[in-house]
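Chemist:
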Amino acid sequence: MAVLFVGKDFPHLHFGNCTSITGTSANMNSDDLAKYLEATDGIHKPWLLAQLRLQKLQERREDITPNEYEQELADIHQSLMNLGEWWKGREDEMFGS
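Going left to right, the sequence shown walks through residues 0 to 96 as numbering that gives the first Met the number 0 numbers them.
Below is the structure:
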């Protein structure tokens with residue numbers, strides 16, 4: 000399950016399987032999430048791409064072994080850790096207020 004916090008740019012978006020979206024969270028499948036990221040220029044934000052990877056992994060969980068799942072989850076985690084704290088002091092610019 001992906002949880003997405005929608006910012007001020009698209010507070011009214013509604014894609015397919017979303018349950019709610021107005022400034023809170025929405026449950027989306029990976030296709031819906033990809034469409035949202037594309038529509039909001041989120042494909043240039045690596046933390047959102049990690050969220051998409053997590054959603055895709057969750058959708059495939061039943062079809063892969065527990066070891067494969069753990070390895071892919073560890074890879075996503077490492078990708079996030081590699082981002083570091085580049086955003087410090089730029090929170091409003093990067094995440095909106």
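In this text, a Cβ means the ideal position worked out from N, Cα and C, and glycines have one as well.
To the nearest angstrom, how far is the alpha carbon of Q57 from that of G41?
Modeler: Q57 and G41: Cα-Cα distance of roughly 20 Å.
Chemist: What did DSSP end up calling D91 once you bin it into helix, strand or coil?
Modeler: Here D91 sits in helix by DSSP.
Chemist: Write down every uninterrupted run of the alpha helix (DSSP H) in the region 50 to 85 whose length is 4 residues or greater and which is fully enclosed by it, in chain order.
Modeler: List check, alpha helix (DSSP H) in window: 65 to 81.
Chemist: To which residues of the same chain is E37 closer than 8 Å at the C-beta, ignoring the five residues directly before and after it?
Modeler: Within the same chain, E37 has no close Cβ partners at all.
Chemist: In the DSSP assignment, find the alpha helix (DSSP H) that holds D31 and state where it starts and stops.
Modeler: D31 -> alpha helix (DSSP H) spans S29 to A38.
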